[in-house]
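Numbering (this note's numbering), first residue to last: 1476 to 1707. Single-structure report; data block below.
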Amino acid sequence: MSTWCPSAPSVVFDLDGTLVDSEPNYYEAGRRVLTRYGAPGFTWQHHTRFIGISTRETLTALRVEYGIEAPVDELLAAQDAVYLELARSSTEVFPEMRKFIERLHQEGITMAVASGSSRAAIEAVLAGTGLGAYLTAYVSADEVAHGKPEPDVFLEAARRLGAAPGDCVVLEDAAPGAAAAHAAGMRCIAVPYVASTATDPAFMTAELLFRGGQSEFTAQAAYDWLVGARPS
């Protein structure tokens, strides 16, 4: 018998670094593209500065930083092409996140993805991992005016779910995403991808924080909190 009441919250997931460990693929795609455009030496440490930021905004910043003359749209198309190849074949779902999604699906909870990735990238990951069977609603940062830390992508996800922002719970791995959830008036479960960022002030706005990241997160703990935090 379901433990959920009719007013149970909707759940909005960030994708990269939250549901799936796609950051290695984004790093590799970015490294290859930057090298192609005459900017070698892009390291994982450089990449971590942009976790939680949309691909377009990341490339806009890197284009200036490395003095690349090619337009952002050209860089974006090049990176998306490389990333899509990697996304379809080698994207890992965090095991406890898969359990959590399957549990929510069994309970009939409405869910969506709100990501800084392109729509094509979201679709590739959902198809390649099988998560598309559960997450049929998704929003790309390319479909809204502003990416995270602005709230636009989460507000659009709520609209597509037919849910009020205050009835939504966001799962996020990055500080800009946690800030966006707070700005949207949504509760947040934060699971920092980089554990050392757990002290970021944006994560302090989260209602539930797994400071150890994915190594600490469990589907059961998140579910128990969500049941207790559901609207009355």
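Note that beta-carbon positions come from the ideal geometry of N, C-alpha and C, so glycine has one too. Only a predicted model underlies this, so the values are computations on that prediction, with no experimental measurement involved.
First and last residue of the uninterrupted alpha helix (DSSP H) at residue i
{"i": "F1575", "result": "P1570 to Q1581"}
{"i": "R1509", "result": "Reading the sequence as shown, one finds Leu at residue 1509 and not Arg. Note, L1509: alpha helix (DSSP H), E1498 to R1511."}
{"i": "A1602", "result": "R1594 to T1604"}
{"i": "V1495", "result": "Element bounds for V1495: n/a, residue is neither H nor E."}
{"i": "H1521", "result": "W1519 to T1523"}
Buried versus exposed call for residue i [16 or more other C-beta atoms within 10 Å across all chains shown]
{"i": "P1626", "result": "buried"}
{"i": "T1611", "result": "exposed"}
{"i": "H1621", "result": "exposed"}
{"i": "D1489", "result": "buried"}
{"i": "M1679", "result": "exposed"}
{"i": "Q1695", "result": "exposed"}
{"i": "G1591", "result": "buried"}
{"i": "D1617", "result": "buried"}
{"i": "E1647", "result": "buried"}
{"i": "F1692", "result": "buried"}
{"i": "G1461", "result": "Since the first residue of the chain shown is 1476 and the last is 1707, residue 1461 is not available in this structure."}
{"i": "S1615", "result": "buried"}
{"i": "R1686", "result": "exposed"}
{"i": "S1477", "result": "Interpretation of S1477 is limited by its pLDDT of 39, a score under 50 that renders its predicted location unreliable; no figure is taken from the coordinates."}
{"i": "R1506", "result": "buried"}
{"i": "R1634", "result": "exposed"}
{"i": "R1662", "result": "buried"}
{"i": "A1655", "result": "buried"}
{"i": "S1593", "result": "buried"}
Residue(s) in a DSSP beta bridge with residue i
{"i": "L1684", "result": "A1665"}
{"i": "M1586", "result": "V1486"}
Alpha-carbon to alpha-carbon, residue j and residue i
{"i": "A1599", "j": "G1607", "result": "9 Å"}
{"i": "V1568", "j": "G1527", "result": "17 Å"}
{"i": "A1552", "j": "S1497", "result": "18 Å"}
{"i": "E1544", "j": "R1538", "result": "7 Å"}
{"i": "P1640", "j": "Y1609", "result": "21 Å"}
{"i": "A1653", "j": "L1684", "result": "10 Å"}
{"i": "L1509", "j": "P1515", "result": "6 Å"}
{"i": "G1492", "j": "R1531", "result": "17 Å"}
{"i": "L1579", "j": "L1559", "result": "28 Å"}
{"i": "I1584", "j": "S1671", "result": "32 Å"}
{"i": "Y1613", "j": "Y1541", "result": "32 Å"}
{"i": "S1564", "j": "Q1554", "result": "16 Å"}
{"i": "A1638", "j": "A1632", "result": "9 Å"}
{"i": "P1676", "j": "A1649", "result": "11 Å"}
{"i": "S1485", "j": "R1511", "result": "42 Å"}
8 Å Cβ cutoff, residue i in contact with chain B
{"i": "P1499", "result": "Annotation note: the requested chain B is absent from the structure, which comprises a single protein chain."}
Where residue i sits in the DSSP three-state scheme
{"i": "A1656", "result": "helix"}
{"i": "F1692", "result": "coil"}
{"i": "V1486", "result": "strand"}
{"i": "W1479", "result": "Note on W1479: pLDDT 41, under 50, position unreliable in the model; no value is reported."}
{"i": "S1615", "result": "strand"}
{"i": "Y1609", "result": "coil"}
{"i": "S1671", "result": "helix"}
{"i": "E1540", "result": "helix"}
{"i": "A1697", "result": "helix"}
{"i": "E1532", "result": "helix"}
{"i": "P1624", "result": "coil"}
{"i": "G1703", "result": "helix"}
{"i": "T1515", "result": "The sequence as given places Pro at residue 1515; Thr does not occur at that position. Three-state result, P1515: coil."}
Continuous beta strand (DSSP E) stretch holding residue i: start and end
{"i": "E1647", "result": "C1643 to E1647"}
{"i": "Y1558", "result": "Looking at the DSSP string, Y1558 is not in any beta strand (DSSP E); the run it does join, the alpha helix (DSSP H), is V1547 to S1564."}
Residue i: CB within 7 Å of a non-hydrogen atom of the ligand NAD
{"i": "A1638", "result": "The ligand NAD is not among the ligands present in this structure, which contains no ligands whatsoever."}
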